[in-house]
Amino acid sequence: RFQAFVYFASVFQAISCGIHYLSSVFMAVTPNFVCGVPGNVSSVLFYNSSESSLEDIWTLWTSTENYMVVQLENGDIWELNQCSRSKREMSLDLAYEYRGNKSMFSCSDGFLYDDTKWKSTVVTQWDLVCDREWLAKLIQPTFMLGVLIGAVIFGDVADRLGRQRVMWFTSAGQFIFGIAVAFTFDYYSFVIVRFLLAMVSSGYLVVAFVYVTEFVGIKARTWASMHVHAFFAMGIMIVALVGFLVRTWWIYQIFLSIATLPFVLCCWMLPETPFWLLSEERYEDAQKVINAMARWNKVSTPCKVSELCSVQQDDLVDGRMGDNDTSSTKKHNILDLFCNWHIARRTITVWLIWFTGSLGYYVFSLSSVSLGGNEYLNLFLIGAVELPCYIIACIGMDKLGRRNTLIPFLILSALICVLIMVIPQDFNILIILANMAGKFSIGVAFGLIYLYTAELYPTIVRSLAVGSGSMMCRVGSVVAPFCVYLRSVWIFMPLLLVGIMALLSGILTIMLPETLGKPLTNTLVEATEIGRNKKSCSEKTPPAHSDASLEKIEMFGQETVSTEK
143 RFQAFVYFAS
153 VFQAISCGIH
163 YLSSVFMAVT
173 PNFVCGVPGN
183 VSSVLFYNSS
193 ESSLEDIWTL
203 WTSTENYMVV
213 QLENGDIWEL
223 NQCSRSKREM
233 SLDLAYEYRG
243 NKSMFSCSDG
253 FLYDDTKWKS
263 TVVTQWDLVC
273 DREWLAKLIQ
283 PTFMLGVLIG
293 AVIFGDVADR
303 LGRQRVMWFT
313 SAGQFIFGIA
323 VAFTFDYYSF
333 VIVRFLLAMV
343 SSGYLVVAFV
353 YVTEFVGIKA
363 RTWASMHVHA
373 FFAMGIMIVA
383 LVGFLVRTWW
393 IYQIFLSIAT
403 LPFVLCCWML
413 PETPFWLLSE
423 ERYEDAQKVI
433 NAMARWNKVS
443 TPCKVSELCS
453 VQQDDLVDGR
463 MGDNDTSSTK
473 KHNILDLFCN
483 WHIARRTITV
493 WLIWFTGSLG
503 YYVFSLSSVS
513 LGGNEYLNLF
523 LIGAVELPCY
533 IIACIGMDKL
543 GRRNTLIPFL
553 ILSALICVLI
563 MVIPQDFNIL
573 IILANMAGKF
583 SIGVAFGLIY
593 LYTAELYPTI
603 VRSLAVGSGS
613 MMCRVGSVVA
623 PFCVYLRSVW
633 IFMPLLLVGI
643 MALLSGILTI
653 MLPETLGKPL
663 TNTLVEATEI
673 GRNKKSCSEK
683 TPPAHSDASL
693 EKIEMFGQET
703 VSTEK
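With the numbering used here applied, the sequence shown corresponds to residues 143 to 707, in that order.
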């Protein structure tokens, strides 16, 4: 009961992380627009349709290449395009076609926006269109850059100050910065505050994963860690719901940020993890937490910290006495992931899978609002389809193996990308279902690679391998928004890139070894031999550890796996 309470209380806040990661899909949307005019409009003409107001014309607007003709109250007649306007000279009749003289002007009087769907967005607030369009396209990439930096900073701070303090700070930061975003006064303050929001959101997700991993038992650890992703997906579903109900961006942002408040008010009740307390030699505090766990779980004889420390000390002494080689204490760096051809090939493949998983995850998510039909329902379904995909991933990992589950879902992702490209654009339902299938398949691969990476590398470089893979994941999340923007070049360009990367990753994964049922390796020699290779790094194998030590190694391998999206 204690572990269940801690788990659900901690991962509840992961919902807020999912909310902030995808909130920009509606907050930074660009509606239809044309140049503004210096006066009040009396009548509007679009082809053969004449109306008295712009609101009635927007429903007929089908292409950005179109223009509309407006007549002002003073009689002036203007042709309005998206990024330019022209004033007709010597024209008295309001007609759509005009072959006389025109005077071209820039959009110095602002822009007129279609507010039938969104009353206000950050694009309409600060006119992030035409020559300022690139500023709107930087909103999501700068957020993802904050995600990258925040994960690195707060992951290290959590090791120094403790998990509970960082979780409280980052969750409070999500609420404060989330509300502050709604009250920013210009574009640059908006981007800066969102960058800080990204840092604390990313930091919470990383630290919360380690926190629940250190509390949950070994048997449930795979399922518990995998389903942190599921709570993130629930956040995406909430974005769709709130976006449907609230059409003004700053009110929308406030409602999304309120989701953080319940946890902020109660997270101070969560205890620090015994593992961190023991690592800091705070034995009395660790014993208090263990005693509290025993009372919650109705265990009459809780374990004693003194006994645990005694066992660990014995294992440490035995290991040192049996190991005369200094290689076990050697400091390792990123070059050790390329120590021979087999390990280097493995590293390149793993990095590619991390990058592809993140790229595909965000391309399918961010593109969902552009599929046609109801964009709110599309995003909701894209988030909902993740919930069963992690169950399938867990079952496949345990029954079929890591590699045998990863390969088909990566290749399936590539095939689905091709399928979407050949479906006629009029078949909106088929396109949406295919995108859901693509998100499902890439979600399985994305969730699986965390644990698989930890098992592919030995203890001495496991943390380094997972950390470097996680960095490639975040690079993919930074690139993904730019990939989505390539729809303006060719509507299928993002799918083509994801499909190529997924196919290449799936083919290269065939050369990776299966790790299901195999013990975790301790040296690069052992890791190389998993793939039945002959060449190895010049490193001697240390003596076998005791069962308690192996359990600690396994827990360490699991703890280093970051769920950072």
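Beta carbons: idealized from backbone N, C-alpha and C, even for Gly.
Residue j and residue i - do their beta-carbons sit closer together than 7 Å?
i: V308; j: A300; result: yes
i: L222; j: C177; result: yes
i: D431; j: S152; result: Reading off the sequence shown, one finds Val at residue 431, where the question assumed Asp. Their beta carbons are not under 7 Å apart, which means V431 does not touch S152 by this criterion.
i: L513; j: G618; result: no
i: G304; j: W438; result: no
i: M578; j: V527; result: yes
i: C481; j: L666; result: yes
i: F374; j: Y518; result: no
i: Y163; j: A372; result: no
i: M368; j: G611; result: no
i: V381; j: F296; result: no
i: A401; j: S158; result: yes
i: I549; j: G648; result: yes
i: S184; j: E231; result: no
i: L187; j: L236; result: yes
i: L287; j: V620; result: yes
i: G320; j: S191; result: no
i: A587; j: G525; result: no
i: A340; j: F405; result: no
How many whole angstroms separate the CB atoms of residue i and residue j, which I take to be in contact at a CB cut-off of 8 Å?
i: A556; j: G659; result: The Cβ separation is near 29 Å, so there is no contact.
i: A278; j: T390; result: With 8 Å as the limit, A278 and T390 do not qualify as a contact, their Cβ atoms being about 17 Å apart.
i: M376; j: G160; result: 7 Å
i: P413; j: Q306; result: 7 Å
i: L650; j: T489; result: Incorrect: roughly 11 Å between the Cβ atoms, too far for contact.
i: Y599; j: A669; result: 6 Å
i: Q740; j: S313; result: A question about residue 740 goes unanswered here, because the residues of the chain that appear run from 143 up to 707.
i: W483; j: C615; result: The pair is not a contact, with the Cβ atoms about 25 Å apart (cut-off 8 Å).
i: M169; j: V264; result: 6 Å
i: I553; j: L494; result: Between L494 and I553 the Cβ distance is about 14 Å, and since that is not below 8 Å, they are no contact.
i: F253; j: F175; result: 5 Å
i: A729; j: I378; result: The structure shown does not extend to residue 729, since the chain spans only 143 to 707, so no value can be given for it.
i: W200; j: D251; result: Incorrect: roughly 19 Å between the Cβ atoms, too far for contact.
i: K244; j: S228; result: 4 Å
i: R544; j: E597; result: 7 Å
Is residue i buried or exposed, if buried means 16 or more other CB atoms sit within 10 Å of its CB?
i: L202; result: exposed
i: P530; result: exposed
i: C559; result: buried
i: M246; result: exposed
i: V148; result: buried
i: N182; result: exposed
i: N520; result: buried
i: M643; result: buried
i: Q581; result: Contrary to the premise, residue 581 reads as Lys rather than Gln in this sequence. Under this definition K581 is a buried residue.
i: R241; result: exposed
i: L477; result: exposed
i: N664; result: buried
i: E423; result: exposed
i: I219; result: buried
i: V459; result: Per-residue confidence for V459 stands at a pLDDT of 47, beneath the threshold of 50, marking its modelled position as unreliable; the derived number appears in the next sentence. Its Cβ having fewer than 16 others within 10 Å, V459 is exposed.
i: A434; result: exposed
i: L407; result: exposed
i: G515; result: exposed
i: S442; result: exposed
i: W260; result: buried
i: T595; result: buried
i: A486; result: exposed
i: F624; result: exposed
Quick one: what's residue i bridged to in DSSP?
i: M336; result: The amino acid occupying residue 336 in the given sequence is Arg; Met does not appear at that position. For R336, which the question treats as bridged, DSSP gives no partner whatsoever.
i: I400; result: Partner(s): none; I400 has no beta bridge.
i: F188; result: S191
i: W220; result: V212 and K229
i: F522; result: BP columns for F522 are empty, so no partner.
i: M246; result: S228
i: L254; result: V176
i: T390; result: S262
i: V183; result: L214
* Spell out a yes or no on whether the segment 495-510 and the segment 632-650 are touching, meaning 3 or more CB-CB pairs, one atom from each, closer than 8 Å. => Contact between the segment 495-510 and the segment 632-650 is present, because at least three Cβ pairs lie under 8 Å.
* Would you be able to state if there are at least three C-beta pairs under 8 Å between the segment 564-581 and the segment 645-661? => In this structure the segment 645-661 does not touch the segment 564-581; the number of beta carbon pairs closer than 8 Å is below three.
* To do: Indicate whether the contact test is met: 3 or more Cβ pairs, each with one atom in the segment 348-367 and one in the segment 189-198, closer than 8 Å.
  => By the Cβ test, the segment 348-367 is not in contact with the segment 189-198, since fewer than three Cβ pairs between them sit closer than 8 Å.
* Asked: Do the segment 277-292 and the segment 333-346 touch if we need at least three Cβ pairs shorter than 8 Å?
  -> They touch, by the three-pair rule.
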